[in-house]
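Have a look at the structure below before the remarks.
Residue numbers (the working numbering): 491 to 776.
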């Protein structure tokens, strides 16, 4: 799933590429992808792209005051083309869920692989009309997201720190992959309780959160959409690297599996050398 760094890179890429362009067409390949009915998608046609922004993991194209907002979910992606095909998109005939065309002949497709569909698009007059944006927590890279603010968030939640980092209503933009990376850098167990972290641990976690995301944003910046997935994988220290060597200490990277996801960690760096058992049977480790 694209997370804050990749979504920011996509926003920057689209912002540069669509500057000065006008929307000439919006086609649906899947009616289920569109979660709003008013205004209709045709309201975007003829509108200039005034800017592209990010809200957590959501991308936002401001087209003359009407916004096309979308969330790529687990298996969605954006595919840019400098010259879009002339054929009209037919619903149900391909993995393309939505197509947007611009007046220079360019455009992009939103695609989604697999059978579990989560890609969502919204056409709204106000970004706040998208329910999940209205409920987002603060952006961890915002200037106002200070260590004091973060410490207050941690202190008010008696939950595992891995889950807290991933909860979009608490902090916007971090998902499964970068939460693994942040916790590895901070040398904290994913099962540690947020409200019980010591001040020194809070400082480590805050620094790891900001620096890990900022570095990933810098790495992704300037890359075309088609290169972002590979760049993300290449930059991971522990996430997705079960059985490989920890880059910090040389121990093996371990995994805890859940019903539909998994986490990766280093026992030497993060849990005092104690491997974590399955979440359903293990005790919380600090």
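Ideal Cβ placement from N, Cα and C applies to all residues, glycine included. It should be emphasised that the depicted structure is a prediction, and the values quoted were computed from it without experimental measurement.
If you draw a straight line from the C-alpha of residue i to the C-alpha of residue j, how long is it?
i           : j           : result
residue 730 : residue 753 : 8 Å
residue 735 : residue 759 : 12 Å
residue 709 : residue 721 : 8 Å
residue 677 : residue 669 : 12 Å
residue 581 : residue 667 : 32 Å
residue 630 : residue 493 : 12 Å
residue 497 : residue 544 : 7 Å
residue 641 : residue 536 : 47 Å
residue 524 : residue 591 : 17 Å
residue 740 : residue 695 : 22 Å
residue 655 : residue 621 : 20 Å
residue 633 : residue 617 : 21 Å
residue 597 : residue 732 : 38 Å
residue 691 : residue 658 : 22 Å
residue 688 : residue 675 : 16 Å
residue 701 : residue 637 : 13 Å
residue 583 : residue 589 : 13 Å
residue 772 : residue 681 : Annotation note: pLDDT 47 at residue 772 (below 50); position unreliable, no value reported.
residue 683 : residue 766 : 15 Å
residue 534 : residue 551 : 10 Å
residue 595 : residue 747 : 45 Å
residue 693 : residue 560 : 34 Å
residue 757 : residue 712 : 35 Å
Secondary structure at residue i, three-state DSSP: helix, strand or coil?
i           : result
residue 544 : strand
residue 759 : helix
residue 586 : strand
residue 598 : strand
residue 562 : coil
residue 752 : strand
residue 775 : Confidence is the limiting factor: at residue 775 the pLDDT is only 46, short of 50, which leaves the residue's position unreliable and the question unanswerable from this model.
residue 630 : coil
residue 611 : strand
residue 568 : strand
residue 651 : helix
residue 502 : helix
residue 616 : coil
residue 591 : strand
residue 555 : coil
residue 580 : coil
residue 657 : coil
residue 508 : coil
residue 538 : strand
residue 766 : coil
residue 604 : coil
Write down the C-beta distance between residue i and residue j rounded to the nearest angstrom, noting that I regard them as a contact closer than 8 Å.
i           : j           : result
residue 503 : residue 715 : 6 Å
residue 648 : residue 611 : With a Cβ gap of about 36 Å, residue 648 and residue 611 do not count as contacting.
residue 540 : residue 554 : 6 Å
residue 599 : residue 514 : Going by Cβ atoms, the distance from residue 599 to residue 514 rounds to 15 Å, so no, they are not a contact pair.
residue 673 : residue 755 : 7 Å
residue 601 : residue 566 : 7 Å
Can you have a look at residue i and say buried or exposed, based on whether 16 or more other CB atoms are within 10 angstroms of its CB?
i           : result
residue 764 : exposed
residue 578 : exposed
residue 679 : buried
residue 662 : buried
residue 528 : exposed
residue 762 : exposed
residue 531 : buried
residue 635 : buried
residue 495 : buried
residue 727 : buried
residue 717 : exposed
residue 501 : buried
residue 605 : exposed
Can you give, in chain order, each stretch of the beta strand (DSSP E) that sits fully within the segment 660-741 and has at least 3 residues? none
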